[in-house]
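Notes follow once the structure below has been shown.
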Amino acid sequence: QNEEKWDFVLVSDIHEMGSEKEIKRKKFLDELSKKGFTIKKIEDTKLFYGIRAPQHIVCKYQHLQKKADSRQKNPSAHEDDEDIIRIRIVNFILWNTVMPNLEKLRDLMKKKVFEAAFPLHKKEERRKILKEKWARWGVIFKEQPIKEIRCYFGEKVALYFAWLGWYTYLLIFAAVAGLVTVVAGSTVFSSSQVSKEICDANTTFMCPLCDQNCSFWVLSDTCTYAKITHMIDNEATVAFAMFMAVWATVFLELWKRERANVATKWKLYGWDEDEEDLALQLINNLQHEPRRYQHSYFRSTIVLILALLLILVLIGIAHMLVIYRAVAMALFTQSEVSLLSKNANTAAVVTGAVLHYITIVIMTKVSSHTGSCALLPFLEEPRTLFQKENSFTVKIFIFQFFTNFSSLIYVAFFLGRINGHPGHYVRIAGRWRLEECHPSGCITDLFIQMGIILLLKQTISNIMEYLIPLISYRLRKKRKRPKKRSIMLGEEEEAEDPCKRQWLSNYELNEVNIFSLFNEFLEMVIQYSFTTIFVAAFPLAPLLALINNVIEIHMDAIKMMRLHRRMVPRKAKDIGIWLQVLEAIGILAVIGNGLVIAITSDFIPVQVYKYMYSPCARENRTGMDCSTGYINNSLSVFRIQDFEPHTKRPGLAPTELCRRYRDYRSADDYTYTVQFWHIFAARLAFLILFEHVALCVKLIAAWYIPDVPQRVKNTILSEKHENLRNELRWVMPWKVPG
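For what it's worth, the UniProt record's numbering labels the leading residue of the sequence shown as 1, then goes sequentially.
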């Protein structure tokens, strides 16, 4: 049928005869006609132009691709579906056709000469299969039809879904390990001596949490908080952190093997990005001269400075969140609402986490709409689209990483460590005290922060990600379209053209752009960062990621097949620079989890107490829990008369001499005790040991699991051998020199 034969559609408003926009539109279409393209015009409320490439252009592309791959001489070496080849070629030529005044389609789009340009979702068997086996909720637990995805959307999209499916599958093991860690914390470690001491400390009075109108409080009031802390801060967490370091390496190594299998099956080993770009450039213009590689230290310096400025802005936003938490803590503790004042610390953490999530959403929108990050790769003047994407990927990931993790880094490594001590607090603007850690440790604050952000990202963000295009599509579809005449090469046709319904239905779908797939990848890589970097503080992260991904795969499929216009099929032999990003995250995960256990967790202080200061160490007692007395040991004494003059202390009796606070300081001059330095040395030693052991295990795992399976290597070896043998058969004996 005729409607199946059009490769691309251009959409334009109906401009006045003789207007500048109409003249530019005609000139552009004339340039396409000179290249042999067939153009069909249909008039409705908009002007639609069907574009079909001449067959000889497709033949040229296929010939160049076969010549480019000297290793694969068999007919199946380039078995791309002709439909996606045509779309790929037409897309390239459309965006690179130059008018006499040097304007391209991108310039015409900016000037509203054309409104849209897109390939068509076609009524074919493959699309039907994808809708039935992939793009619906009923097949949520079934295997993805990767082969059909590749034949419809190209290798780049297919590799993304193959990677996402593989990542989701391996998350099962991480999710089980995380769940076991939490269950162990709730059962085996639930009777922790440390949390028991906090719950029994009904005679231990703590220093006030704020300066004005805050009374002393009893440590046992935070019994529930302590139990939650020790549910996630125990010996099992250390083992889980080590497991996740190995898991991240094994995941990437197994993906490399899976990618090698896919590349062999799809005959992608001989494909080269540069040759693809050059082939398309020459097909578009035989006189094309390749753009040379270049590097400018001046441009790189400008890019580096701008990138650092963006990072400083994000760090500034993180500081604003710190200020909010300090002010919120002061206001909540003075609240007349009893529930709020008693749980001021938790309320400040929760509202701070929600505010952090809102910041993430806003900064993500700012970066995608203002193009502040997108500008940086263009300053470098990348040679090809692939280089531009790689440059963009690195910079936007760094931007998103700091947006998502700057506040978490503060909570994990600075909260409660830079706030000073009673009588000498560090204050914001000389007024608001910085937050303190809970006596049972700081790790619960990080647990709450990560839990809220992940839950909000995987519920509200995903719901909006699906609902916005759905609502947009339905609103566009409801717009009434008056019937107009259809014109073919200037001649009137019947009102109902067979292509008209198809073109209109595709136009009503939501727009896609070259970075649509990039956004999906970025979302998953940021999730992978949450799943690995601070997973020691939130062992349930892999489980939440697993549930999210099972839904995400089919939600993306539904959007791509039913709500969005068809993506331009693009070729690729791997997931590109994302693999290096994932490897960098794996190294950050080792460092991050080592720091969480060494600094954020109370694991090291408890171990130091057990082996150096506990009754077991001092009195050689073996019949008792060696952590007995840890809480009393970890709290320093403060004399009430040393409070700052402006601090009001309601309910203070004259006979009360001292109160407690979390730190290792002398009761005389409030300097650090010897135990503090012992703990500091132990933290540093553990961090070095953990990171070296984890990195060694990662290297061993990477060595133990070959990137390319032997079967794939043998297949490539056999093909090389057969090709060389076939070449020699054509060499006549009498033509051999000597």
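Positions of the beta carbon are idealized from the N, C-alpha and C atoms, including for glycine.
Check: Does the beta carbon of I14 sit closer than 9 Å to a beta carbon anywhere in chain B?
Finding: The chain labelled as chain B is not found in the depicted structure, where only one protein chain is given.
Practice prompt. With a threshold of 16 other CB atoms inside 10 Å of the CB of L102, please say whether the residue is buried or exposed.
Written response: Here residue 102 refers to the residue found at position 102 of the sequence shown. Exposed.
(Q) Using only CA atoms, which one of S391, A682, I398 and N261 lies nearest to I716? (A) Stepping through the sequence shown from its first residue, residue 716 is reached at position 716. Of the listed residues, the one whose Cα sits closest to I716 is N261.
Practice prompt. Using alpha carbons as the reference points, say which of A174, A245, L434 and K478 lies closest to M329.
Written response: As a working mapping, residue 329 is identified with position 329 in the sequence shown. Comparing Cα-Cα distances from M329 to each of A174, A245, L434 and K478, the minimum goes to L434.
- [ ] Starting from the Cα of F690, find the closest Cα among L595, C207, K227 and N343 and give me that residue.
- [x] Your numbering for residue 690 matches position 690 in the sequence shown. Of the listed residues, the one whose Cα sits closest to F690 is L595.
* **Any 3 or more C-beta pairs closer than 8 Å across the stretch 129 to 147 and the stretch 537 to 548** => no
**Message:** Using only the alpha-carbon positions, how far apart do G18 and A116 sit?
**Reply:** Position 18 of the sequence shown, counted from the first residue, corresponds to residue 18. Position 116 of the sequence shown, counted from the first residue, corresponds to residue 116. C-alpha separation (whole angstroms): 22 Å.
Worksheet entry | Straight-line gap, W730 to H721 (C-alpha atoms, nearest Å) | Within the sequence shown, numbered from 1, the residue matching residue 730 stands at position 730. Within the sequence shown, numbered from 1, the residue matching residue 721 stands at position 721. Cα to Cα, W730 sits roughly 15 Å from H721.
Per DSSP, P119 forms a beta bridge with which residues? Within the sequence shown, numbered from 1, the residue matching residue 119 stands at position 119. DSSP output for P119 lists F8 as bridge partner(s).
(message) In whole angstroms, give me the CA-to-CA distance for T203 and V218.
(response) One-based indexing of the sequence shown puts residue 203 at position 203. One-based indexing of the sequence shown puts residue 218 at position 218. Our two residues, T203 and V218, have alpha carbons roughly 7 Å apart in a direct line.
- Message: Tell me which residues share the same chain as L171 and place their Cβ nearer than 6 Å to its Cβ, disregarding the 5 neighbours each side in the sequence.
- Response: Here the question's residue 171 lines up with position 171 in the sequence shown. The answer, listed in chain order, is P542, A545 and L546.
Give me, in chain order, the residues of the same chain whose beta-carbon lies closer than 7 Å to that of Y293; leave out the 5 immediate sequence neighbours on both sides. Taking the first residue of the sequence shown as 1, we reach residue 293 at position 293. Only R383 meet the Cβ criterion.
Using 10 angstroms around the beta-carbon of F405, count the other beta-carbons present and answer buried if the total reaches 16, otherwise exposed. Residue mapping note: residue 405 aligns to position 405 of the sequence shown, counting from 1. The residue in question, F405, is buried, as its Cβ has 16 or more Cβ neighbours within 10 Å.
Worksheet item: R52 bridges to which residues according to DSSP?
Response: Locating residue 52 in the sequence shown gives position 52, counting from the first residue. DSSP, once it has assigned bridges, lists T38 as partnering R52.
Next item on the list: In angstroms with no decimal places, state the Cα-to-Cα distance between G185 and D274.
Entry: On the sequence shown, position 185 is the one that residue 185 refers to. On the sequence shown, position 274 is the one that residue 274 refers to. C-alpha separation (whole angstroms): 53 Å.
Check: Would you say H438 and T222 are within 9 Å of each other, going by their C-beta atoms?
Finding: Here residue 438 refers to the residue found at position 438 of the sequence shown. Here residue 222 refers to the residue found at position 222 of the sequence shown. Taking 9 Å as the Cβ cut-off, H438 and T222 qualify as a contacting pair.
Task: Anticipated Cβ contact below 8 Å, A557 with E155, distance rounded - done: For the purposes of this step, residue 557 is taken as residue 557 along the sequence shown, with counting starting at 1. For the purposes of this step, residue 155 is taken as residue 155 along the sequence shown, with counting starting at 1. 17 Å between Cβ atoms; not a contact.
**Prompt:** Which residue's Cα is closest to the Cα of Q387: D277, Y611, L635 and E523?
**Reply:** Walking along the sequence shown from the start, residue 387 turns up at place 387. Closest option to Q387, Cα to Cα, is D277.
Hey, how far is the Cα of C499 from the Cα of F37? Residue mapping note: residue 499 aligns to position 499 of the sequence shown, counting from 1. Residue mapping note: residue 37 aligns to position 37 of the sequence shown, counting from 1. Taking the straight line joining both Cα atoms gives about 17 Å.
### Message
Is L522 close to the ligand GDP? I mean its beta-carbon at under 8 Å from any heavy atom of the ligand.
### Response
Because no ligand of any kind appears in the structure shown, any question about the ligand GDP cannot be addressed here.
What's the C-alpha gap between I700 and F530?
As a position in the sequence shown, residue 700 is number 700, starting the count at 1. As a position in the sequence shown, residue 530 is number 530, starting the count at 1. Using only the alpha carbons, I get a separation of about 24 Å.
- Can you give, in chain order, each stretch of the alpha helix (DSSP H) that sits fully within the stretch 257 to 294 and has at least 4 residues? 273 to 284
For R106, tell me which candidate among K46, L10, L47 and T187 has the shortest Cα-Cα distance.
To locate residue 106, count along the sequence shown from 1; it is residue 106. Considering only alpha carbons, the answer is L10.
Exercise. Please list, in chain order, all residues of the same chain as L665 whose beta carbon is under 7 Å from its beta carbon, the five residues on each side excluded.
Key: In the sequence shown, the residue the question calls residue 665 occupies position 665. The residue asked about is misnamed: residue 665 is Arg in this sequence, not Leu. The answer, listed in chain order, is H421, S636, T671, Y672 and T673.
**CA-to-CA distance, D574 to L64, given in whole angstroms** = Start at 1 with the first residue of the sequence shown, and residue 64 comes out as number 64. Start at 1 with the first residue of the sequence shown, and residue 574 comes out as number 574. Near 21 Å, if we compare the C-alpha coordinates of D574 and L64.
Should S472 and V361 be called a contact, given that it needs their Cβ atoms to be closer than 9 Å? Position 472 of the sequence shown, counted from the first residue, corresponds to residue 472. Position 361 of the sequence shown, counted from the first residue, corresponds to residue 361. Contact: no.
Check your understanding: Going straight from the alpha carbon of Y466 to that of I526, what length do you get?
Key -> Stepping through the sequence shown from its first residue, residue 466 is reached at position 466. Stepping through the sequence shown from its first residue, residue 526 is reached at position 526. Going by the C-alpha atoms only, they are around 19 Å apart.
Anticipated Cβ contact below 8 Å, G50 with K40, distance rounded:
Position 50 of the sequence shown, counting from 1, holds the residue named residue 50. Position 40 of the sequence shown, counting from 1, holds the residue named residue 40. Correct: roughly 4 Å between the Cβ atoms.
So, is H356 buried or exposed, given that buried needs 16 or more other C-beta atoms within 10 angstroms? Position 356 of the sequence shown, counted from the first residue, corresponds to residue 356. Result: buried.
**Message:** Looking at the strands, I want to know which residues DSSP matches up with E43.
**Reply:** To locate residue 43, count along the sequence shown from 1; it is residue 43. Note: E43 sits in a beta bridge opposite L47.
Check: Nearest to R127 by CA position, among I146, C616 and I140, is which residue?
Finding: Stepping through the sequence shown from its first residue, residue 127 is reached at position 127. Among I146, C616 and I140, the Cα nearest to that of R127 belongs to I146.
- Task: Could you tell me the distance, in whole angstroms, from the CA atom of G423 to the CA atom of D211?
- Result: Position 423 of the sequence shown, counted from the start, is the residue given in the question as residue 423. Position 211 of the sequence shown, counted from the start, is the residue given in the question as residue 211. Taking the straight line from one Cα to the other gives about 10 Å.
Beta-carbon separation of K112 and K26 under 9 Å?
Taking the first residue of the sequence shown as position 1, residue 112 is located at position 112. Taking the first residue of the sequence shown as position 1, residue 26 is located at position 26. For K112 and K26, no; Cβs fall outside 9 Å.
Could you pull the start and end residues of the alpha helix (DSSP H) that L171 belongs to? Looking up residue 171 in the sequence shown gives position 171. Note, L171: alpha helix (DSSP H), E155 to S186.
Review point. Since I705 contacts R257 with CB under 8 Å, what's their CB separation in whole angstroms?
Key: By one-based count along the sequence shown, residue 705 stands at place 705. By one-based count along the sequence shown, residue 257 stands at place 257. Separation of the CB atoms of I705 and R257 is rounded to 7 Å, and the pair is thereby assigned contact status at 8 Å.
*Anyone know if the C-beta pair for L108 and F114 falls short of 9 Å?*
Here residue 108 is taken as the residue at index 108 of the sequence shown, counted from 1. Here residue 114 is taken as the residue at index 114 of the sequence shown, counted from 1. Yes; because the gap between Cβ atoms is below 9 Å, this pair is in contact.
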